[in-house]
Amino acid sequence: MARPALAAVPDAEARPGQLASAITTLSVISRRLFRERMAQEKWARDAGLRAPCYSVLTWIDRLEPVSQKRISDQIRHDPSDIVAVVDILERAGFVARRRDPDDRRRYSLSLTARGRRALHRLDTIALEVQDAVLAPLGSRDRATFERLLHDVIDHHATT
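Quick note: the sequence shown, position 44, residue 30 per this note's numbering, numbers continuous.
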């Protein structure tokens, strides 16, 4: 059974928090589509991947070697949640977790060759999901949306 479309709310009836609600809804839609698309991949199911695995792999790739704490700070997830995600990625052979030689209390993360291949495959899935989520937008609106979204994220990354 198809869900009814959300009716557009005229500006006169708009509630103050509707944009925040819309952002949350967009996030839920994106996560659901990513999870559904990832579930179609046997290799991802076999590895036990969850949606946050993609973000963690992406940030490890950008910053490696990197601490679990830094990953947690970058994607704004609770550190214990990141440990669970890194456990999944390590069991799958995608991430190497080693004690940081400068601080034995900290772990240093890096991608394995298998992890780089998995990240490349997940990039393809992410692009498909991104195209599905942004399908209603024309190319100009999409470029504007992406720019504004990155502006907002960049602002909060520095605060």
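Glycine included, each C-beta is placed from N, C-alpha and C at the ideal position. Owing to the predicted nature of the structure, the values given are computational and were not obtained by experimental measurement.
Reduced DSSP secondary structure (H/G/I, E/B, other) of residue i
| i | result |
| --- | --- |
| L49 | helix |
| T110 | helix |
| D89 | strand |
| L5 | helix |
| E22 | helix |
| R102 | helix |
| R17 | helix |
| M(-13) | Confidence in M(-13) is poor, its pLDDT being 44 and thus under 50, which makes the residue's placement unreliable; the coordinate value appears in the next sentence. In the structure shown, M(-13) sits in coil (DSSP, three-state: anything other than H, G, I, E or B). |
| L35 | coil |
| R62 | coil |
Of the listed residues the options, nearest to residue i (C-alpha basis)
| i | options | result |
| --- | --- | --- |
| E114 | S16, L134, R102 and R1 | S16 |
| G34 | A99, A78 and S125 | A78 |
| A143 | A129, V119 and I61 | I61 |
| A232 | V52, L75, V14 and S66 | Residue numbering for the chain in the displayed model covers -13 to 145; residue 232 lies beyond these limits and cannot be assessed. |
| V72 | R90, W45, E132 and D88 | W45 |
| P87 | F131, T130 and V52 | V52 |
| T98 | E50, G124 and A121 | E50 |
| K28 | A8, A104 and D89 | A104 |
| A112 | A8, P2 and L43 | L43 |
Proximal residues to residue i (C-beta, below 6 Å), its chain only, five neighbours per side dropped
| i | result |
| --- | --- |
| G146 | Nothing about residue 146 can be read from this structure; the chain reaches only from -13 to 145. |
| L108 | Y40 |
| R84 | S94 |
| S96 | E50, P51 and A82 |
Same chain, Cβ closer than 7 Å to residue i, neighbours up to 5 away in sequence not counted
| i | result |
| --- | --- |
| V69 | Q54 |
| V138 | none |
Other residues of its chain near residue i: CB distance less than 8 Å, five sequence neighbours each side excluded
| i | result |
| --- | --- |
| A37 | R17, F20, R21 and M24 |
| H136 | none |
| D64 | S58 |
Beta bridge counterpart(s) of residue i as assigned by DSSP
| i | result |
| --- | --- |
| S94 | S53 and R84 |
Limits of the unbroken alpha helix (DSSP H) element including residue i
| i | result |
| --- | --- |
| L75 | P65 to R77 |
| R133 | S125 to A143 |
| A121 | No alpha helix (DSSP H) holds A121; DSSP gives it neither H nor E. |
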